[in-house]
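Read the structure below first, then the notes.
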Amino acid sequence: MKLDYPQALKRVDEARGAWIMYGQEPLLEQNLLDAFRQSWHKQEIERQRYDINNVSDWKNVFNALNSLSLFSNQLAIEVHGNIKPDANGIKQLKSYIQHNEQNLLLVVMPKQDSSSLKSSFFQVVDANGITVPLTANYPQDRQRILGIEADKLGIKLANDAWQWLEQHHEHNLLAAKNSLMRVSDTFADVDIIQIDHLYSCLQDQSRYTTYDLNDALLAGNLAQAIKIFQYLIASGEPMSLILWSISKEMRLLMQLFEQPQNALQLGIWKNKVSLYQQALRRLNPNNFLTWPSLLLRIDASIKGLGKENPEHLVLQAITSMCGQMLFESPTA
Numbered sequence: 001m002k003l004d005y006p007q008a009l010k011r012v013d014e015a016r017g018a019w020i021m022y023g024q025e026p027l028l029e030q031n032l033l034d035a036f037r038q039s040w041h042k043q044e045i046e047r048q049r050y051d052i053n054n055v056s057d058w059k060n061v062f063n064a065l066n067s068l069s070l071f072s073n074q075l076a077i078e079v080h081g082n083i084k085p086d087a088n089g090i091k092q093l094k095s096y097i098q099h100n101e102q103n104l105l106l107v108v109m110p111k112q113d114s115s116s117l118k119s120s121f122f123q124v125v126d127a128n129g130i131t132v133p134l135t136a137n138y139p140q141d142r143q144r145i146l147g148i149e150a151d152k153l154g155i156k157l158a159n160d161a162w163q164w165l166e167q168h169h170e171h172n173l174l175a176a177k178n179s180l181m182r183v184s185d186t187f188a189d190v191d192i193i194q195i196d197h198l199y200s201c202l203q204d205q206s207r208y209t210t211y212d213l214n215d216a217l218l219a220g221n222l223a224q225a226i227k228i229f230q231y232l233i234a235s236g237e238p239m240s241l242i243l244w245s246i247s248k249e250m251r252l253l254m255q256l257f258e259q260p261q262n263a264l265q266l267g268i269w270k271n272k273v274s275l276y277q278q279a280l281r282r283l284n285p286n287n288f289l290t291w292p293s294l295l296l297r298i299d300a301s302i303k304g305l306g307k308e309n310p311e312h313l314v315l316q317a318i319t320s321m322c323g324q325m326l327f328e329s330p331t332a
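Letter by letter, the sequence shown follows residues 1 to 332 in UniProt numbering.
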């Protein structure tokens, strides 16, 4: 069964069996995971997390699902990664779903292409469990999701203020949520938030945004990019938002390199196509090969996995996008 994000939020407390949530909206992933973890804590359900780096790691997941500790009646296994189980793993998955109705397997994956969604792994879960695409492709979907965030904060926005908020953040839900938090703090006594409230609040509190960082990266302006990054860190911008912003630009540049005639189809705004084209002419395509693994390392460090410093890794990404190296090789 497929559920959208709001439907999934309502089913968190009763979730059992197998769930897959997948997509590239960090706000939706963050909110759903928070809701699950709070629910497990409230119900005293034991939680374990596994990161899948290769197919064999799935053995640990299924072994855990079939063995409870002495102090638990229920178990929630949280799995992160983009590697699906092999044929033997699919067999174990089917057995788990058929015979273990109390535990929960929650798999968190990035955005999937159409062929991946047709794989036996997704088909088994879709037929016997729950799949949740973490997407918000239409304005009404994004406004509904942000409306939930506004309700949590106890604020209401005028209709044209919603439109302004979405245009200002270019569909970035996590950035829009942060703006709602700012305007809620600044205009706590206002009944209906208008465009003027949003504009004055965001202008006062955000000298730089992640969009300014993106512009500096596309222009190859390393000094300005580092300055903006340091400002964002100092002003409390979530590292997950900064990573989302950088990864989006890296992904677009790599896609445009492969499909130079499809800029608009890739989602690049018409007035920024020339910036991406200039960036591609400046960059060495060999650098693209290092970007996916670097993004994974940044994501892991933000989640507290490993010993690398996320700010140092982001600086590596920034310098690479500007066509430079953070550390020069020593000369003989």
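The C-beta atom is built at its ideal place from N, Cα and C for all residues, glycine as well. Just so it is clear, the structure is predicted and the values come from calculations on it, not from any experiment.
Residue from the options with nearest C-alpha to residue i
| i | options | result |
| --- | --- | --- |
| W291 | F187, L65, L313 | L313 |
| W162 | T186, I192, T135, W269 | I192 |
| P85 | V55, D34, Q102, Q112 | V55 |
| S39 | G23, K10, E25 | K10 |
| G154 | N63, S247, R182 | R182 |
| A225 | Q24, T319, L264 | T319 |
| I246 | R297, N214, L280 | N214 |
| L218 | R281, L232, L75, K118 | R281 |
| E258 | Y276, L243, K270, W244 | Y276 |
| C201 | S301, A216, L165 | L165 |
| N63 | L32, N31, N103, V273 | N103 |
| G23 | A136, G236, A188 | A136 |
| K91 | K59, T209, K307, S114 | K59 |
| D57 | L174, H80, A35 | H80 |
| E237 | Y211, W269, G267, A223 | Y211 |
| A188 | T209, A216, K156 | K156 |
| E14 | I52, I268, Q74, N53 | Q74 |
| E101 | V107, V108, L93 | L93 |
| R142 | A176, S95, N53, Q265 | A176 |
| I52 | Q230, V107, L266 | V107 |
| H197 | Y208, Q112, S179 | S179 |
| S235 | R297, T209, L222 | T209 |
| A233 | M21, I20, L315 | Looking at the sequence provided, one finds Ile at residue 233 rather than Ala. Here the closest residue by C-alpha is L315. |
| C322 | N271, N221, I268, E308 | N221 |
| K303 | L33, I97, A158, Q7 | L33 |
| I145 | G89, N262, Q7, D113 | Q7 |
| G129 | A317, R16, K118, R297 | R16 |
| Q30 | L173, A317, Y199 | L173 |
| N159 | K248, Q140, G306 | Q140 |
| Q324 | A223, P260, S115, N262 | A223 |
| residue 388 | L294, S274, E308 | There is simply no residue 388 to check, as the chain begins at 1 and stops at 332 in what is shown. |
| K111 | Y96, N82, S301, S119 | N82 |
| H168 | R37, E308, Y199 | Y199 |
| G267 | F229, H171, R37, L296 | H171 |
For residue i: DSSP bridge partner residues
| i | result |
| --- | --- |
| Q48 | I77 |
| G23 | L134 |
| G17 | L104 |
| K2 | T131 |
| M109 | Y22 |
Assumed close pair residue i, residue j - CB separation to whole angstroms, cut-off 8 Å
| i | j | result |
| --- | --- | --- |
| L28 | Y50 | That belief does not hold up - the Cβ atoms of L28 and Y50 are roughly 21 Å apart, past 8 Å. |
| residue 334 | L3 | Outside the shown range of the chain, which is 1 to 332, sits residue 334, and nothing can be said about it. |
| Y310 | M250 | The question names Tyr, but residue 310 is Pro in the sequence shown. With 8 Å as the limit, P310 and M250 do not qualify as a contact, their Cβ atoms being about 16 Å apart. |
| L65 | L105 | 6 Å |
| I45 | A76 | 5 Å |
| D299 | L243 | 6 Å |
| I20 | M109 | 6 Å |
| K270 | L264 | 6 Å |
| A35 | V12 | 5 Å |
| E78 | R47 | 6 Å |
Taking the runs of the alpha helix (DSSP H) that are 4 residues or longer, which of them lie wholly in the stretch 121-191?
The DSSP assignment places complete alpha helix (DSSP H) segments of no fewer than 4 residues inside the stretch 121-191 at 139-153, 159-169, 173-186, in order along the chain.
Does the count of Cβ pairs from the stretch 149-166 and the stretch 124-133 closer than 8 Å reach three?
Remark: fewer than three beta-carbon pairs, one from each stretch, lie closer than 8 Å, so the stretch 149-166 and the stretch 124-133 are not flagged as touching.
Does the stretch 275-289 come close enough to the stretch 249-258 that 3 or more CB-CB pairs lie under 8 Å?
Contact between the stretch 249-258 and the stretch 275-289 is established, with three or more Cβ pairs separated by less than 8 Å.
Can you check the stretch 186-250 for any alpha helix (DSSP H) of at least 4 residues that lies completely inside it and give the ranges in chain order?
The stretch 186-250 contains these whole alpha helix (DSSP H) runs: 195-205, 210-219, 222-234.
Can you give, in chain order, each stretch of the alpha helix (DSSP H) that sits fully within the stretch 245-331 and has at least 4 residues?
Entirely contained in the stretch 245-331, the alpha helix (DSSP H) runs reaching 4 residues are, in chain order, 273-282, 291-302, 310-321.
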